[in-house]
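See below for the structure under consideration.
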Amino acid sequence: MNERSSNKNSQPSKKVDTCLSIEQEIVKAIREQRNRLAITQNELSRRTGIDQGDISKLEHGTRNPSLKLLKRLAEGLELDLIVRFVPKEEKGNGDSQQEDEKS
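In full-length UniProt numbering, the protein residues as written are 1 to 103.
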């Protein structure tokens, strides 16, 4: 019984991880890359010209970055920034694609 309880408890946390908002994904990417590079917020500030306090706010999710700021962060973090708009999937769209592939 304990195993079932622990499995049930672990499943929702996975769901939360896969359903991050775009803001949370950006915060996570900034923090993870900064840690990979082993640089401080002060060093990232020096590289980007963004105030260290603003970097802290970004990493804590209390400030949303503009596209201009994201470009500067990407440069300082040695990353490419890719922004794209993707059409929303319609329900049943997969069925019509499968039918087209069969023809």
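Ideal Cβ positions, reconstructed from N, Cα and C, are used throughout, including at glycine.
**Item:** Own chain residues within Cβ distance below 8 Å of Asp51, not counting five before or after
**Value:** On the sequence shown, position 51 is the one that residue 51 refers to. Ser45.
When burial is assigned at 16 or more other CB atoms within 10 Å of the CB, is Val27 buried or exposed? The residue labelled residue 27 in the question sits at position 27 within the sequence shown. It is buried - the Cβ of Val27 has at least 16 other Cβ atoms within 10 Å.
Problem set entry | Thr40, DSSP secondary structure in three states | As a working mapping, residue 40 is identified with position 40 in the sequence shown. Secondary structure of Thr40 (DSSP, three-state): coil.
Could you check the C-alpha separation between Arg63 and Ile30 for me, to the nearest Å?
Your numbering for residue 63 matches position 63 in the sequence shown. Your numbering for residue 30 matches position 30 in the sequence shown. Those two C-alpha atoms are separated by around 13 Å.
Closest to Asn35 by CA distance: which of Glu59, Ser21 and Glu23 is it?
-> Taking the first residue of the sequence shown as position 1, residue 35 is located at position 35. When only C-alpha atoms are compared, the closest one is Glu59.
_Which same chain residues end up closer than 8 Å to Pro65 when comparing Cβ atoms and leaving out the 5 residues on each side of it in sequence?_
By 1-based counting over the sequence shown, the position of residue 65 is 65. Excluding sequence neighbours, Pro65 sits near Ile26, Leu58 and Leu73.
- According to the Cβ coordinates, are Leu69 and Leu81 closer than 8 Å? Position 69 of the sequence shown, counted from the start, is the residue given in the question as residue 69. Position 81 of the sequence shown, counted from the start, is the residue given in the question as residue 81. Between Leu69 and Leu81, the C-beta spacing is not below 8 Å.
Original post:
Hey, would you say Ile55 sits closer than 8 Å to Gln33, going by beta carbons?
Top reply: Residue numbering aside, residue 55 sits at position 55 when the sequence shown is read from its first letter. Residue numbering aside, residue 33 sits at position 33 when the sequence shown is read from its first letter. Taking 8 Å as the Cβ cut-off, Ile55 and Gln33 do not qualify as a contacting pair.
- prompt: Who are the near neighbours of Arg47 in its chain, counting only those whose CB is closer than 6 Å to its CB and skipping five residues on each side?
  reply: Locating residue 47 in the sequence shown gives position 47, where the first residue counts as 1. Cβ within range, chain order: Gly76.
Self-check item: Range covered by the alpha helix (DSSP H) that runs through Arg72
Solution: Here the question's residue 72 lines up with position 72 in the sequence shown. If you look at Arg72, you'll find it in the alpha helix (DSSP H) that goes Leu67 to Gly76.
* **Under the three-state DSSP convention, the category Asp80 falls into** => If you number the sequence shown from 1, residue 80 lands on position 80. Asp80 falls in the coil class under three-state DSSP.
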